[in-house]
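Chains as they are written, first to last, in the numbering used here: chain H, 12 to 449; chain V, 12 to 449.
Protein chains: 2
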Amino acid sequence: MSTVSENQRPLRVALLGAGTVGAEVARLLLEQSDDLEARVGAPLELVGAAVRDVTKPRPGVPAELITNDPIGLIGKGVDVVVEVMGGIEPARSLIIAAMESGASVVTANKALLAEDGATLYATAEKNQVDLYFEASVAGAIPLLRPLRESLAGDQVKRVLGIVNGTTNFILTKMDEDGAAYADVLAQAQALGYAEADPTADVEAFDAAAKAAILAQLAFHTRVTISDVHREGITRVTAVDIEAAREMGFVIKLLAVAERITEGDVDGVVVRVHPTLVPRSHPLASVRDAFNAVFVEAEAAGELMFYGRGAGGAPTASAVLGDVVAAARNKVSGTTGPGESIYTGLPVLSLEQARTRYYLNLEVLDRPGVLATVARVVADSDVSIQVVRQDGTGNDAHLVLRTHAATEGQLSNMLDGLRALDVVTDIVGVMRVEGEATP
Amino acid sequence: MSTVSENQRPLRVALLGAGTVGAEVARLLLEQSDDLEARVGAPLELVGAAVRDVTKPRPGVPAELITNDPIGLIGKGVDVVVEVMGGIEPARSLIIAAMESGASVVTANKALLAEDGATLYATAEKNQVDLYFEASVAGAIPLLRPLRESLAGDQVKRVLGIVNGTTNFILTKMDEDGAAYADVLAQAQALGYAEADPTADVEAFDAAAKAAILAQLAFHTRVTISDVHREGITRVTAVDIEAAREMGFVIKLLAVAERITEGDVDGVVVRVHPTLVPRSHPLASVRDAFNAVFVEAEAAGELMFYGRGAGGAPTASAVLGDVVAAARNKVSGTTGPGESIYTGLPVLSLEQARTRYYLNLEVLDRPGVLATVARVVADSDVSIQVVRQDGTGNDAHLVLRTHAATEGQLSNMLDGLRALDVVTDIVGVMRVEGEATP
Chain H
12 MSTVSENQRP
22 LRVALLGAGT
32 VGAEVARLLL
42 EQSDDLEARV
52 GAPLELVGAA
62 VRDVTKPRPG
72 VPAELITNDP
82 IGLIGKGVDV
92 VVEVMGGIEP
102 ARSLIIAAME
112 SGASVVTANK
122 ALLAEDGATL
132 YATAEKNQVD
142 LYFEASVAGA
152 IPLLRPLRES
162 LAGDQVKRVL
172 GIVNGTTNFI
182 LTKMDEDGAA
192 YADVLAQAQA
202 LGYAEADPTA
212 DVEAFDAAAK
222 AAILAQLAFH
232 TRVTISDVHR
242 EGITRVTAVD
252 IEAAREMGFV
262 IKLLAVAERI
272 TEGDVDGVVV
282 RVHPTLVPRS
292 HPLASVRDAF
302 NAVFVEAEAA
312 GELMFYGRGA
322 GGAPTASAVL
332 GDVVAAARNK
342 VSGTTGPGES
352 IYTGLPVLSL
362 EQARTRYYLN
372 LEVLDRPGVL
382 ATVARVVADS
392 DVSIQVVRQD
402 GTGNDAHLVL
412 RTHAATEGQL
422 SNMLDGLRAL
432 DVVTDIVGVM
442 RVEGEATP
Chain V
12 MSTVSENQRP
22 LRVALLGAGT
32 VGAEVARLLL
42 EQSDDLEARV
52 GAPLELVGAA
62 VRDVTKPRPG
72 VPAELITNDP
82 IGLIGKGVDV
92 VVEVMGGIEP
102 ARSLIIAAME
112 SGASVVTANK
122 ALLAEDGATL
132 YATAEKNQVD
142 LYFEASVAGA
152 IPLLRPLRES
162 LAGDQVKRVL
172 GIVNGTTNFI
182 LTKMDEDGAA
192 YADVLAQAQA
202 LGYAEADPTA
212 DVEAFDAAAK
222 AAILAQLAFH
232 TRVTISDVHR
242 EGITRVTAVD
252 IEAAREMGFV
262 IKLLAVAERI
272 TEGDVDGVVV
282 RVHPTLVPRS
292 HPLASVRDAF
302 NAVFVEAEAA
312 GELMFYGRGA
322 GGAPTASAVL
332 GDVVAAARNK
342 VSGTTGPGES
352 IYTGLPVLSL
362 EQARTRYYLN
372 LEVLDRPGVL
382 ATVARVVADS
392 DVSIQVVRQD
402 GTGNDAHLVL
412 RTHAATEGQL
422 SNMLDGLRAL
432 DVVTDIVGVM
442 RVEGEATP
């Protein structure tokens, strides 16, 4: 509360990792030391940065702070440890060692949190230290603190997130230029938006980890990455994009976490997949590498948080916000909120979610096709919302959007459609989100 | 951190005010008591609601809790006082009395905070209690906590906010329907979006109070409503809206708070006025009564927070988030961050802001008018970005957008234009925001 901190000893901050994000964190810690001191109520002192390769240049990080001995660094009596090395090990062991030594931990490690957050939370609670991880989801966007704290008096119903910048960049370009997936991926790789091996992004492993973290915070129950249904964007075609556009939709890779309460069922479904979103929905205007998370809460209604999901400076901003929070807590001898899993809601299988579907069928160009298809759809207890016939001859398509149905009904319907002579191929099947509930 | 709270005495919550928001807070406190207890670590007990008129029905608030004795209620040993009565007095005296008695305070009172926040902060610090006010700006949108905490390690450069739902509804309808201001205002009043006396909204007093609160949090310096340059929307015409549309812009009432550093100048300008915003800007898609705040920060880049700015349930969501935070702090015997005004940045006069301008001139339909006007603009050291001539005869218009200029340059330019025979009227002058900086 006070801006006077003469009597307060400096708080010691150590970095694990000094890549793009770590170097930026170091730079900001050093450059903004006066501001940070005023905001924390004590000076922050960067005592070291542990890296694997000490010979690599680290612009912005003073050479004398670089070490390849993370355990030695933690042993120096550190108040806040910033873990930005990534990966499961040795990150997990080092975080645990840091907490055991009494340090609070700020991490951007979504993979570790989504796989074994429980261990980290338990270690934090045992040692009465903080575990903060704002940077792990949607980079710079202040999102996890609002979910954990601002919405603490509300009930979240559903979270829809664009949480992977690479895939959003690719889908945006496909939408803007009508280009094919492979061409846009190559372009994204050339621009540095996609890795040489793009699997983690395009197969949605990255988004699935973030979905697990979001779901746990939103629904106060434990969710890990293995609970998340995951589909990537590699099978999205220019035909899908165009068909979506004609219906007034755009295709986004969405992370969806929702509470399902129906009859005896009460639980959470968490899924990541390409999704049709109406162009009038706030998420539709989230373009290029931007991220956004849309939250539907009981009392608050619809909220959206938008910003940069990646990059050194944006991620460092989120890390430093957490460092300030952890340091303030050290100064006042307290800790922030810990793991909240009091609801114990089960994670349900995808089959228990009800969504709308988009279907793109290649069909024979002959009278009665629509009637035949509609009969099969109706026999699966699925109701058609919109249907349109496109093209003629060998390029005849039937594009339809259904009302809400279960995965089981969808699967029956697809089996029925495949068995039809008039349906020559099912070229696109995708879920639809963001419309007013039927 | 713990969800077990058997050993924790209930925390006593009192309401000052039980109108739309207060009644909703009471309802949620009672209905969600199990969730709130788990999140706080102690039960929350609603001990009373002080109102002026005890005879008025208050659906959702148990009759035995209603009292018209706020001082008596506060004297009952209350842990958290929720002030949702509004206005300066008696709200201020009651908040001070509550803090003096050891209660933390949650308030939605933007007018009081923008006029005399300093007294409230000082009283909170003296009594070591919390002062939270998330609901005072942009209703349900978690915005103040991110500004105070998540961006605590970053430098905010500028904040652009749509923070008044009534004026955004009116401007949206004018844009969508091409209707005149007076007609849309009448429609908004009929729908309950605007008050019978709409002054506070349409003359931007409400938005100015919120701008002061935002500016203080963003720039860590004291800002009151009297520091805010304020222009309402009553002079926005259908002609302006149409001219803006033709240039690819939409008109929004923006609250702008920005840091100005130029030469020896280092300070903050805070202003609220109708503004041209490019249709591609995220704020342009914020329609109807929705609110959004766009933040430009040094490291984080561009962020936007979007949601419902008013209404009983959304506001109650923000209030309850603060109640949970204040109650958690009571449980752990600490307080959250207090007033942060360490930068001491001065609030500069509007003259020191540089913005772009939109001008709509009614001109004579004769050759050489553009050259004459361009000469006057150039003589004021202002540079024209785009100019277009519209209409003919008595309806001839010259619409122009300038590059960035100071208010002083604008004022010279307007004097020069008024002196021209060929300019018969200056029908629109508005600032332009949200384009890439020149």
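Just so you know, even glycine gets a beta-carbon here, dropped at the ideal spot from N, CA and C.
This one's a predicted model, so the numbers in the text were calculated from it and none came from an experiment.
- Leu-331/V is not a Cβ neighbour of Val-384/V, given a cutoff of 9 Å.
- In the three-state reduction of the DSSP assignment, Lys-184/V falls in the helix class, which pools H, G and I.
- The beta carbon of Ala-321/V is closer than 6 Å to those of Gly-150 and Gly-176 in its chain, skipping five residues each way along the sequence.
- Leu-154/H places its beta carbon 9 Å or farther from that of Asp-277/H.
- Leaving aside the five residues that flank Val-380/H on each side, the residues in its chain whose CB is nearer than 6 Å to its CB run, in chain order, Val-374 and Val-433.
- Any Cβ of chain V closer than 9 Å to the Cβ of Ser-296/H would place that residue at the interface, and such an atom is present.
- For Ala-308/H, the neighbours in chain V by C-beta distance under 7 Å run, in chain order, Ser-328.
- Residue-level contact check: Asp-188/V does not touch chain H, since none of the beta carbons of chain H fall below 9 Å from its beta carbon.
- Tyr-317/H is the residue among Tyr-317/H, Val-438/H, Gly-312/H and His-240/H whose C-alpha sits nearest the C-alpha of Glu-313/V.
- When C-alpha distances from Ala-119/V are compared across Asp-212/V, Leu-202/V, Asp-251/V and Asp-217/V, the shortest belongs to Asp-217/V.
- For Ala-219/V, same chain residues with a beta-carbon under 7 Å away, outside a window of 5 residues either side, are Ile-236, Val-239, Arg-241 and Val-283 in chain order.
- For the stretch 275-300 of chain V, the set of residues with a beta-carbon nearer than 7 Å to any beta-carbon of chain H comprises Pro-293 and Ser-296, in chain order.
- The C-beta separation of Glu-269/H from Val-280/H comes to about 6 Å, placing the pair in contact by the 8 Å criterion.
- Taking C-beta atoms under 8 Å as the contact rule, Thr-326/H and Val-65/H fail to qualify, at a distance of about 23 Å.
- Beta-carbon to beta-carbon, Arg-156/H and Ser-161/V are separated by about 5 Å, close enough to satisfy the 8 Å threshold.
- Secondary structure at Met-96/H: coil, using DSSP grouped into helix, strand and coil.
- Approximately 16 Å separates the beta-carbon atoms of Met-441/H and Val-388/H; this is outside 8 Å, ruling out the contact.
- Tyr-317/V belongs to the set of residues whose beta carbon lies under 9 Å from a beta carbon in chain H.
- Taking each of Asp-436/H, Ser-360/H, Arg-412/H and Ala-336/H in turn and checking the Cα distance to Asp-141/H, the smallest one comes out for Ala-336/H.
- Spatial neighbours of Ala-308/V in its own chain (CB-CB distance under 8 Å, excluding positions within 5 residues in sequence) are listed in chain order as Leu-162, Asp-165, Gln-166, Val-167, Lys-168 and Leu-314.
- Counting along the chain, Val-195/H sits inside no beta strand (DSSP E); it lies in the alpha helix (DSSP H) bounded by residues 192-201.
- Against chain V, the CB of Ser-343/H has a partner CB under 9 Å away; the residue lies at that interface.
- Contacts with chain V (Cβ-Cβ distance below 7 Å) from the stretch 362-384 of chain H involve no residue at all.
- Pairing Glu-94/H with Gly-28/H, the inter-Cα distance amounts to about 7 Å.
- If you keep only unbroken beta strand (DSSP E) runs of at least 3 residues inside the stretch 219-276 of chain H, you get 260-273.
- Not a single CB atom of chain H sits nearer than 9 Å to the CB of Gln-19/V.
- Between Asp-186/H and Val-297/H, the beta carbon gap of about 12 Å keeps them out of contact (Cβ cut-off 8 Å).
- Under the Cβ criterion of 9 Å, Glu-126/V is not counted among the residues facing chain H.
- Of Ala-108/V, Leu-40/V and Val-148/V, the smallest CA-CA separation from Leu-131/V is found for Ala-108/V.
- In terms of beta-carbon proximity, Val-335/V lines the interface with chain H, with at least one pair separated by less than 9 Å.
- Bridge pairing for Asp-436/V: Glu-373/V [DSSP].
- Here Thr-346/V carries a coil assignment [DSSP, helix/strand/coil].
- The residue among Tyr-369/V, Ile-106/V and Ala-37/V with its C-alpha nearest the C-alpha of Glu-56/V is Ala-37/V.
- Of all alpha-carbon atoms in Met-96/H, Leu-47/H and Val-92/H, the one lying nearest the alpha-carbon of Gly-113/H is that of Val-92/H.
- Annotated as distal: Arg-63/H and Gly-128/H, with beta-carbon spacing of 9 Å or more.
- Within the same chain, Leu-123 come within 6 Å of Ile-99/V by CB-CB distance, once the 5 residues on both sides are set aside.
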